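Student:
Chains as they are written, first to last, in our numbering: chain A, 1 to 446; chain B, 1001 to 1479.
1) Going by CA-CA distance only, name the one from 1408/B, 1076/B, 1426/B that's closest to residue 375/A.
2) So, with DSSP's three-state summary, where would you put residue 1005/B?
3) I'd like to know if residue 1331/B contacts chain A, where contact means its C-beta is closer than 8 Å to some C-beta of that chain.
4) Go ahead and pull the three-state DSSP assignment for residue 247/A.
5) In terms of alpha-carbon separation, which member of 1389/B, 1068/B, 1071/B, 1244/B lies closest to residue 1383/B?
6) Look at the alpha carbon of residue 2/A and the alpha carbon of residue 1218/B, and state the distance between them as a whole number of angstroms.
7) Assess, as a yes-or-no matter, whether the region 1070-1083 of chain B is touched by the region 40-54 of chain A under the definition of 3 or more beta carbon pairs within less than 8 Å.
8) For residue 162/A, which residues does DSSP report across the bridge?
9) Please give me, in chain order, every unbroken run of the alpha helix (DSSP H) with length at least 4 that falls completely inside the region 1094-1118 of chain B.
10) Given residue 1005/B, which residues of its chain have a CB within under 6 Å of its CB, disregarding the five upstream and five downstream residues?
11) Rounded C-beta distance between residue 1194/B and residue 1156/B? I'm assuming under 8 Å.
12) Where in the region 281-365 of chain A do unbroken runs of the beta strand (DSSP E), each at least 3 residues long, occur, reported from the N-terminal end onward?
13) Give the DSSP-derived three-state secondary structure of residue 1380/B in the structure shown.
14) Please look up how many angstroms separate the CB atoms of residue 415/A and residue 277/A, rounded, as I've assumed it's under 8 Å.
15) How is residue 1386/B classed by DSSP in three states: helix, strand or coil?
16) Residue 1183/B: which of 1445/B, 1303/B, 1379/B sits nearest, CA to CA?
17) State yes or no: is the C-beta of residue 1428/B within less than 8 Å of the C-beta of residue 385/A?
18) With a cut-off of 8 Å on the beta carbons, I'd call residue 351/A and residue 417/A a contact; round off their distance for me.
19) What separation, rounded to the nearest whole angstrom, lies between the Cα atoms of residue 1372/B and residue 1251/B?
20) By how many angstroms is the C-alpha of residue 1030/B removed from the C-alpha of residue 1312/B?
21) Is it right to say residue 1422/B is buried, meaning 16 or more other beta carbons lie within 10 angstroms of its own, or is it exposed?
22) By the three-class DSSP mapping on this structure, what secondary structure does residue 1287/B have?
23) Which same chain residues end up closer than 7 Å to residue 250/A when comparing Cβ atoms and leaving out the 5 residues on each side of it in sequence?
24) Residue 93/A versus chain B: which residues are under 7 Å apart at the beta carbon?
25) With residue 1237/B as the anchor, note down where its beta strand (DSSP E) starts and where it stops.
26) Below 8 Å on C-beta distance, what does residue 45/A contact in chain B?
27) What is the DSSP secondary structure of residue 1196/B, reduced to helix, strand or coil?
28) Hey, how far is the Cα of residue 1271/B from the Cα of residue 126/A?
29) Check whether the Cβ atoms of residue 444/A and residue 1240/B lie closer than 8 Å to each other.
30) For residue 1251/B, which of helix, strand or coil comes out of DSSP?
31) Give me the subset of the region 149-163 of chain A whose CB atoms are less than 8 Å from a CB atom of chain B, sorted by chain position.
32) Please list the terminal residues of the continuous beta strand (DSSP E) segment that includes residue 133/A.
33) Quick one: what's got a C-beta closer than 6 Å to residue 195/A's C-beta in the same chain, skipping five residues either side?
34) Under 8 Å, Cβ to Cβ, is there at least one residue of chain B near residue 172/A?
35) State the CB to CB distance for the pair residue 297/A and residue 106/A, rounded to an integer number of angstroms; the pair is presumed to be in contact (CB under 8 Å).
36) Would DSSP call residue 60/A helix, strand or coil?
Take a look at the structure:
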């Protein structure tokens, strides 16, 4: 992809110059060059096989503090130039915004090599190998007689080059890989079915879980839900498995995003320096962890990524800002820019020292949350209400599976009530955390 | 507003590709023994405008151009796509997709194309948004913004987003089908934020569909959208925490269509049926719910967000009966599932864009009107929960589903009581469908703003229902 990279960088530079020539005060161009492979197998046969290269161009321009943006999968120069002309015209019809503009030029030295974003083994892996891994994963799982149907196994690889050039002199690019192996299963008979899945996703092939591991986890997570009960409505401690901590943190991210803060659409607006959680809660955003899924050398605006402590022992220290939100709030940009918005890099809850088993063993009565369905999260109020499945815990042991209940609470209270933080953080997604126990939430059932 | 009259103009050839070349491409795609191949060409332009903090902050334009090519061999699909339409690239796409089959020679050759035309146009766009000046759209956005902000002194912030797109598609397959269409879409949504005594709440409203800008003057004005969003935010300032536990639930007409989308629609999509993962796979001809339930999916409703003249495989869509008097009567089919199940396609093969292969999907799903007076339905509940607004839902193949209520009311002694905030409702479809006790006579459709996600693909949908009563459902509130 080396030659392609050179041509694309030239195209980006050409567009920046073109925008300037047409009258833009500032111009920023991003080019993506990606390669995707995806195989889905089901019941021992290939179901879908996808392979494709695709390219994409996005730009923003500023004129008299007015902004317009555009994007295109048609990379012909004529189309892109026409889009620049139209964007300038559109900008002139919108309103001036004193906070709009590119970030000030930054000097920094991080190469993609030190971040370990690219694995030539992923890029070079033969389709046959990927198909074999997917088939093996499903086959191992189906050997278990309790599994009655399969949603299939998938192996996915991606290779993506990102090129960013702007009129303030920034010019950078990085290449990254991604691979994942996943499996979804069903168990049960007749009208009483249960389902779950497991996956591993990494940048480097050698870090990816083996088919045996993915199959074992998917089987275990599926069959443990057989013959569920619905419990009485009550308030109990709730234990979040790591994948559940992930969504809780994704919700927290949406509440500490600088965009939501200046828009006042988060209950955490205006609370920097306040104690919003208990001492166990330390949350970090870090774009510089080598080899992790959320790492990148710079954000969508060319701001270098960094390590930002968001919550330190319960105290809200920083919001995560792109350049615009940073200017609105008079705070530093944190390298979380993503077009108009803000994204997490590696956004995680610092692990503790206790094992997940110890957390369960120390719980006299509680609900171990393993799955949620539905989207009931409201960042304006912090309210949480989601459909839930899990295991009922009594005297430190899982005693029966639970389904068709909901859990409800408020993120503000949850942060205050985190009683135990596990040591089992896995970094299988950019937003992640270990097992945690929350003092009390409402489980609604019968 | 001035009406533009123009002579019918031939559509420009966006794709710079001629049928003869595309037929050669299909032949190449079948060269390794595929049973079927098709090409999906897409050229889509879209525009969005955002207003917040009293200014038009940004506008963005997007151009999507690309080709997706699929080869089917038995139940296997090979798929490749590209946004580079050069001859060399297209050949490599055909070869990549053809690898799903492994014969040395072709078993089939593509048939000559015959151009299929729509029977009638489901789009109701007279003033097609993409041909109107930007100022006109900015005025709509500003009108919605002002009406939300001026609704009440408690409204502190307003965001308005306008979006439009025009998708040109061309679909060709090895059985000789050639279809071309263009699909306009607009959407105007408002989020209003209210604040009082340190408490903050947000409200939301929107509208649009496969309509032109005239819709916002005739059917749903920006003022109405803005006021509705503001009204919801202000109501929520007075709202109490939701109750928790199982209780009778009354669903408002229109918005509550989400329930049927989740509880019935997804589980009748033919891919889940033929794979036997849906809990409804063996229920054709069997009773699954109350006799009052008649459920349809109709992609031909004029102007609706989920409507289309052809699905994304070039099939003509049909109003499809899914459930009749509580008995399952049909599935939502695409070409692959219909072929494997030996059924007729129903025109529900949809995809997000050229980089995705088609899946059986819903379009406009609804429960037909019943007999009960809506007032009577509410009066019949002594103590329960009334669902007014929903923000979405989710289902799994086992039938367990949820939907998120943004605004509800307590029902006390047959009357609506205090407003209630955020709650998730959960149930299992076979259980809930049996518990449908009353279906009202007031069929309505929700706002034309819905998007449905499946296997990572988003498509526009709409849904509807009359007022309904469910005898017991778990409300996920606080205690």
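A virtual CB, placed ideally from N, CA and C, is assigned to each residue, including glycine.
All of these numbers come straight from a predicted model, not from anything done at the bench.
Tutor: Straight from the coordinates:
1) Within the first chain, numbered from 1, the residue matching residue 375/A stands at position 375. Ranking 1408/B, 1076/B, 1426/B by Cα distance to residue 375/A puts 1426/B first.
2) Working through the second chain from its first residue, we reach residue 1005/B at position 5. At residue 1005/B, the pLDDT of 39 sits below 50, so the modelled position is not reliable; the number obtained from the coordinates is stated separately. Here residue 1005/B sits in coil by DSSP.
3) As a position in the second chain, residue 1331/B is number 331, starting the count at 1. No, no contact with chain A.
4) Here residue 247/A refers to the residue found at position 247 of the first chain. DSSP, read as helix, strand or coil, puts residue 247/A in helix.
5) Within the second chain, residue 1383/B is the residue found at index 383, counting from 1. The option with the nearest alpha carbon to residue 1383/B is 1244/B.
6) By one-based count along the first chain, residue 2/A stands at place 2. By one-based count along the second chain, residue 1218/B stands at place 218. Because residue 2/A sits at a pLDDT of 49, beneath the cut-off of 50, its placement in the model cannot be relied upon, and the following sentence gives the value as read from the coordinates. Computed Cα separation, rounded: 55 Å.
7) yes
8) For the purposes of this step, residue 162/A is identified with residue 162 of the first chain, where counting begins at 1. Bridge partners of residue 162/A: 32/A, 174/A.
9) none
10) Stepping through the second chain from its first residue, residue 1005/B is reached at position 5. Residue placement at residue 1005/B is poorly supported in this model, since its pLDDT is 39, which falls under 50; the coordinates still yield a value, given next. No residues qualify anywhere along the chain.
11) Here residue 1194/B corresponds to residue number 194 of the second chain, with the count starting at 1. Here residue 1156/B corresponds to residue number 156 of the second chain, with the count starting at 1. Rounded, the Cβ-Cβ distance is 7 Å, consistent with contact.
12) If we require 3 residues or more, the beta strand (DSSP E) runs fully inside the region 281-365 of chain A come out as 283-286, 307-312, 346-349.
13) By one-based count along the second chain, residue 1380/B stands at place 380. DSSP places residue 1380/B in coil when its eight states are reduced to three.
14) If you number the first chain from 1, residue 415/A lands on position 415. If you number the first chain from 1, residue 277/A lands on position 277. That pair is a contact at about 3 Å.
15) The sequence position of residue 1386/B within the second chain is 386, counting from 1. Correct three-state label for residue 1386/B: strand.
16) Here residue 1183/B refers to the residue found at position 183 of the second chain. When each option's Cα is compared against that of residue 1183/B, the closest is 1303/B.
17) Along the second chain, one-based indexing puts residue 1428/B at 428. Along the first chain, one-based indexing puts residue 385/A at 385. The answer is no: Cβ separation not under 8 Å.
18) Counting from one through the first chain, the residue named residue 351/A turns up at place 351. Counting from one through the first chain, the residue named residue 417/A turns up at place 417. Not a contact, Cβ separation roughly 18 Å.
19) What you label residue 1372/B is simply residue 372 of the second chain in a count that begins at 1. What you label residue 1251/B is simply residue 251 of the second chain in a count that begins at 1. Each residue's alpha carbon lies about 13 Å from the other.
20) Reading the second chain from its first residue, position 312 is the one you call residue 1312/B. Reading the second chain from its first residue, position 30 is the one you call residue 1030/B. Between residue 1312/B and residue 1030/B, the C-alpha separation is close to 20 Å.
21) Position 422 of the second chain, counting from 1, holds the residue named residue 1422/B. It counts as buried.
22) Taking the second chain and counting its residues from 1, the one referred to as residue 1287/B is at position 287. Strand at residue 1287/B.
23) Within the first chain, residue 250/A is the residue found at index 250, counting from 1. These residues qualify, in order along the chain: 431.
24) Here residue 93/A is taken as the residue at index 93 of the first chain, counted from 1. Those are 1134, 1135, 1138, listed as they occur along chain B.
25) The residue labelled residue 1237/B in the question sits at position 237 within the second chain. That residue, residue 1237/B, is in no beta strand (DSSP E); its alpha helix (DSSP H) goes 1222-1237.
26) Here residue 45/A refers to the residue found at position 45 when the first chain is read from its first residue. Under the 8 Å cutoff, chain B gives 1075, 1076.
27) Position 196 of the second chain, counted from the first residue, corresponds to residue 1196/B. Looking at residue 1196/B - three-state DSSP - the assignment turns out to be strand.
28) Here residue 1271/B refers to the residue found at position 271 of the second chain. Here residue 126/A refers to the residue found at position 126 of the first chain. C-alpha separation (whole angstroms): 29 Å.
29) The count along the first chain starts at 1 and reaches residue 444/A at position 444. The count along the second chain starts at 1 and reaches residue 1240/B at position 240. No, these two residues do not count as a Cβ contact at 8 Å.
30) By one-based count along the second chain, residue 1251/B stands at place 251. In this structure, residue 1251/B counts as strand in the three-state DSSP scheme.
31) 149, 151
32) If you number the first chain from 1, residue 133/A lands on position 133. In the DSSP annotation of this structure, residue 133/A is not part of any beta strand (DSSP E); the continuous alpha helix (DSSP H) holding it starts and ends at 127-142.
33) The residue labelled residue 195/A in the question sits at position 195 within the first chain. Answer for residue 195/A: 186, listed in chain order.
34) Within the first chain, residue 172/A is the residue found at index 172, counting from 1. No, no contact with chain B.
35) The residue you call residue 297/A lines up with position 297 of the first chain. The residue you call residue 106/A lines up with position 106 of the first chain. 11 Å between Cβ atoms; not a contact.
36) Taking the first chain and counting its residues from 1, the one referred to as residue 60/A is at position 60. Reduced to three states, the DSSP call for residue 60/A is strand.
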